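Remarks on the structure that follows.
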Amino acid sequence: MADKKKKNLPPEAQNYQAFQEEREVKRPVLLNCIKAFLVGGFICFIGQLISTFYIYYFHFTEQTAGNPTTATLIFITMLLTGFGIYDRIGQFAGAGSAVPVTGFGNAVISSAIEYKTEGFILGVGSNMLKLAGPVIVYGVFSAFLVALVKTLLIKWGVI
Amino acid sequence: MLSGHQTWIFENKPTIISTGVVGGPFEAKGNIPKDFDILHEDMWLKQDSFEKAQQMLMEESCQIALKKSNIEKEQVQFFISGDLINQITPTSFAAKTIGIPYLGIFSACATSAESLALSAYLINSGGAEYILSGTSSHNATAEKQFRYPTEYGGQKPPTSQWTVTGAGCALIAKEGGGPVVTSATIGKIIDMGITDPFNMGGAMAAAAVNTIETHFKERNVDPSYYDLIVTGDLGHIGREVSLDLLKQRGLNIKDAQYVDCGLTIYREGQPVMAGASGPACSAVVTYGHFLNKLKRGEIKRMLLVATGSLHSPLSIQQKDPIPCIAHAVSIESGSDGL
Amino acid sequence: MIFFWAFVIGGAICVIGQILFDVFKLNPGQTLTILVVVGAILDGVGLYEPLIDFAGAGATVPITSFGNSLVHGAMQEAEKHGLVGVVTGMFEVTSAGISAAIIFGVIGAIIFKPKG
Amino acid sequence: MTIKKWLFLIGLLCILSSCGNESALEPSNKANEKLDLTHISTKNNDTSQHPANQAKDALSKYKEITEVKAVNTTKQLIIAVQVEQNKRFNLTSIRKQLQKEMKKKFPDHKVELTTDKKIVIELKKLEEKLQSESISKKKVEKRVKEIIKLSKEQT
């Protein structure tokens, strides 16, 4: 699609873009992936630690330990976000700190803190899900479609 | 006056009689802390919001410029300024405090050069005796408006740039000692179809090249006329692209002669990726660092080419390419050698 | 052993996210949305539960598990109440992530100021 | 470039989907030696763990099982197993297979089989108490009921 768009540009702009791209600093994809792997893996490792802790010392099974683990991770995220540490981790780790549920928490909490100056109702309240909103919206909608298809298939005896 | 299509020559020598340069904590750790009049330790400047903090920066820089010149603010006819944030409210609110008749302008990071060019024109044509011209930006307000909440852990690509927290202001007068504004070239919008808001240097370089080329043609001088050609905030990528393009077009610009404010303000190792940006970037570095050089006699003539990318968060989401602009203003040491 | 695989699988999902960032030039919002949708689809074809069994937190901590548990909630209700359950059961299982984020978001906003 | 991206995506999906289709457990002739099969013997006939011990022996023929705990009352039998890490992809089908087998083997008991770590831990505690005979029949029944309830809890 990007190529199609380029073709509509005047040749001067096309030449310039090529000229510019040659000099553009490329994203270090491999290095970024390694960092994302290590940090993302580490966050999941911590998650596993927390969930094992809940299984051993509290009344939770493997099934039910997921929720308190998530809540604990998001609590830790709140502290890291509030003290201005999470955005630095994010610059280093990229997807490594964005993809785990802590990244979801960071998106919500950072928006909440940022819009505090606009008041708690219209600032915090309405902007809190500015970044994380699409995740909830399309998570719910795609889950609806998947569950709908699956339920119908079961009903019709296909699976 | 008008030379060619878009260049003004100021034969009455409007003079920059004083400047006020204010910065934030990140700038204090940078490359040129000595060129600031005030450096704040707190991003908030003890205000309730970042936007108010930016307003405060602007107010302070104006006050400093006035104080240094011993001109009363009642003597100043106009305040010409602008910034990036929400209908330029930080600047307009600062104008309310300052109480000088006010012209609000917008050309993103090229605002510094636009306001300087307009001020010089008004003074040169006798439309005013004293004009305050300047601009401000704040890292957190720009992040909030154009990118993500400041505490969000989004990864910035190596092409992105760091918005300067600060404000730079110059008091231009009909006469008086100081550097003289000799000419200005008003740029036109250049759109090369680049849509990546994280690569503004690459997008703006084309505008810089267009304006610099036009300036030399219409002012009828050679690049060697200037000791320094100072671009606003092209950063590493934009500087390289524009320099290579200028050389390709037959302009003989030396590497050491071609400097960028966005690469001057911070030290190596500060996490600014491709360099600094923001309206305050060119204002602060020019009115602080480079004018000091001019006053010390290290350079005699400089051409400020402030570049701006005129997109909004909305236009980016609607997939519009980034329109860019560059204005050039030449500043030369006055007859008294200052 | 499960700790090792939690690290590896969790890290691998993040690498997929990083590739979406860097190669496909998507922003975080788009990337996370895609991952959530993928999680929902994987659960629909019955692949996500085995991954959770295998990698534990390596599969439940990444945002993909969000899609997975949304589908799970919907399916659980669908078993009880038929098609209506698909609509009503959605948040049955997932509420933890969203409610924790909202609660700690408001608390965070009360306690903290952005550092800039 | 775009073709490469799509190939990459398809390849990724193939890798992911290929993990799911392995067969469940195959029994072997030899008993699994690594397994701790401590039989719980109680002098008190009320809390006899004979069926539980039998279940342990029966499960020991699967070499992929790394841990097994079982406790029974007169009516109920609860078994918790841990499976080798690389077989955990098929945990659901393994659980179903073993559950079916155990149900067949103990028709007089209501059989619950789980793979949950938490239940393993709980059963281990209960086994220890039974072994030391510090628990009454009534309490065992109550505890087993609780554990079964716990194992069925959903998120």
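Chains as they are written, first to last, in the numbering used here: chain A, 4 to 162; chain B, 798 to 1135; chain C, 7 to 122; chain D, 4 to 158.
Cβ coordinates follow ideal geometry from the N, Cα and C atoms, glycine included.
Computed from a predicted structure; not experimentally measured.
CB of residue i within 9 Å of CB of residue j, strictly
i         : j         : result
B:SER764  : B:ALA1080 : This structure cannot settle anything about residue 764 of chain B, because the visible part of chain B is limited to 798 through 1135.
A:ALA98   : C:PHE72   : no
B:ASP1041 : B:CYS1058 : no
B:THR804  : B:THR1028 : no
B:ALA825  : B:MET840  : no
D:LEU80   : D:HIS112  : yes
B:GLU948  : A:TYR59   : no
B:SER930  : B:SER912  : yes
C:ASN74   : C:GLY95   : no
B:MET1138 : B:SER1106 : What the structure shows of chain B is the stretch from 798 to 1135, and residue 1138 of chain B is not part of that stretch, so it cannot be assessed.
B:GLY821  : B:HIS837  : yes
B:GLY901  : B:GLU857  : no
C:PHE13   : D:GLN88   : no
C:ILE25   : A:CYS36   : yes
A:ILE116  : B:PRO1020 : no
C:THR39   : A:TYR141  : yes
B:CYS859  : B:ILE895  : yes
C:ILE69   : A:GLY85   : no
A:THR105  : A:LEU76   : yes
B:PRO1076 : B:ALA862  : no
Reference residue i; option with closest CA among the options
i         : options                                : result
A:GLU121  : B:SER815, B:SER930, B:PHE847           : B:PHE847
D:GLN57   : D:PHE109, D:LEU101, D:THR95, D:VAL143  : D:PHE109
B:GLY1072 : B:SER957, B:ALA1005, B:ILE902          : B:SER957
B:HIS1033 : A:VAL28, A:ALA16, A:GLU24              : A:VAL28
C:GLU55   : D:ARG146, D:LYS155, D:GLN100, D:THR95  : D:THR95
B:SER1130 : B:HIS802, B:SER800, B:LYS810           : B:LYS810
A:GLN94   : B:GLN872, B:ILE868, B:GLY950           : B:GLY950
D:LYS127  : D:ARG98, D:ASN89, D:SER51, D:ILE82     : D:ILE82
A:GLU15   : B:SER916, B:ALA1003, B:ILE1026         : B:ALA1003
C:THR66   : A:THR67, A:ILE124, A:ARG30             : A:THR67
B:GLU926  : B:ALA905, B:PHE875, B:SER815           : B:PHE875
B:THR960  : B:VAL977, B:GLY975, B:GLY974, B:GLN942 : B:GLN942
A:ARG30   : C:LYS119, C:ALA63, C:GLY52, C:VAL29    : C:VAL29
DSSP state of residue i mapped onto helix, strand, coil
i         : result
B:GLY820  : strand
C:TRP11   : helix
B:LYS865  : helix
C:ASP127  : Lying outside 7 to 122, the shown extent of chain C, residue 127 of chain C is not represented and no answer is given.
B:LEU1101 : strand
D:SER63   : coil
B:GLU808  : coil
D:ALA73   : strand
B:HIS1086 : helix
A:PHE22   : helix
A:THR105  : helix
A:PHE61   : coil
B:HIS837  : coil
B:PRO1068 : coil
A:GLN66   : coil
B:LEU919  : helix
D:CYS22   : Caution applies to D:CYS22, whose pLDDT of 48 falls short of 50 and renders its modelled position unreliable; the value that the coordinates give is listed next. Note: D:CYS22 maps to coil in three-state DSSP.
B:PRO1020 : helix
A:GLU27   : coil
D:PRO110  : coil
C:HIS78   : helix
A:GLY93   : helix
C:GLN24   : helix
Residue i at chain E interface by Cβ criterion, 9 Å
i        : result
A:THR154 : No chain E is present in this structure, whose protein chains are A, B, C and D.
Note to self: Which runs of the beta strand (DSSP E) at least 3 residues long sit entirely within the region 944-1015 of chain B? Give them in chain order.
What the structure shows: Every unbroken stretch of the beta strand (DSSP E) spanning 3 or more residues and falling wholly within the region 944-1015 of chain B is given here in chain order: 963-970, 977-982.
Checklist line | At least three beta-carbon pairs within less than 8 Å, the region 74-93 of chain C to the region 105-125 of chain D | finding: Segments in contact, no.
Margin query: I'd like to know if the region 922-941 of chain B and the region 1001-1020 of chain B are in contact, where contact means that at least 3 CB-CB pairs between them fall below 8 Å.
Written below: With a cut-off of 8 Å, the region 1001-1020 of chain B and the region 922-941 of chain B do not count as touching, because too few Cβ pairs lie within range.
Checklist line | Given 8 Å, three or more beta-carbon pairs between the region 1115-1129 of chain B and the region 1089-1105 of chain B | finding: Yes, the region 1115-1129 of chain B touches the region 1089-1105 of chain B.
Item checked: At least three beta-carbon pairs within less than 8 Å, the region 62-77 of chain D to the region 132-152 of chain D -> With three or more CB-CB distances shorter than 8 Å, the region 62-77 of chain D counts as touching the region 132-152 of chain D.
Notebook entry, point to check: What runs of the beta strand (DSSP E), each 3 residues or longer, lie entirely inside the region 112-147 of chain D?
Noted result: Within the region 112-147 of chain D, the complete beta strand (DSSP E) runs of at least 3 residues are 113-117.
Notebook entry, point to check: Three or more beta-carbon pairs under 8 Å between the region 1060-1069 of chain B and the region 40-51 of chain A, yes or no?
Noted result: Note that the region 1060-1069 of chain B does not touch the region 40-51 of chain A; fewer than 3 beta-carbon pairs, one per stretch, sit closer than 8 Å.
Check: For the region 83-92 of chain C against the region 150-159 of chain A, are there 3 or more C-beta pairs whose distance is under 8 Å?
Finding: Proximity of the region 83-92 of chain C to the region 150-159 of chain A meets the contact definition, three or more beta-carbon pairs being nearer than 8 Å.
Item checked: Inter-stretch contact at 8 Å, needing at least 3 Cβ pairs: the region 31-44 of chain C / the region 48-57 of chain A -> Result no; under three Cβ-Cβ pairs closer than 8 Å.
Check: Is the region 108-117 of chain A touching the region 959-971 of chain B in the sense that three or more CB pairs, one from each, lie closer than 8 Å?
Finding: The answer is no - the region 108-117 of chain A does not touch the region 959-971 of chain B, with fewer than three Cβ pairs under 8 Å.
Notebook entry, point to check: Which full runs of the alpha helix (DSSP H) of 4+ residues lie inside the region 852-905 of chain B, going along the chain?
Noted result: Taking only runs of at least 4 residues, the alpha helix (DSSP H) segments lying wholly in the region 852-905 of chain B are 886-895.
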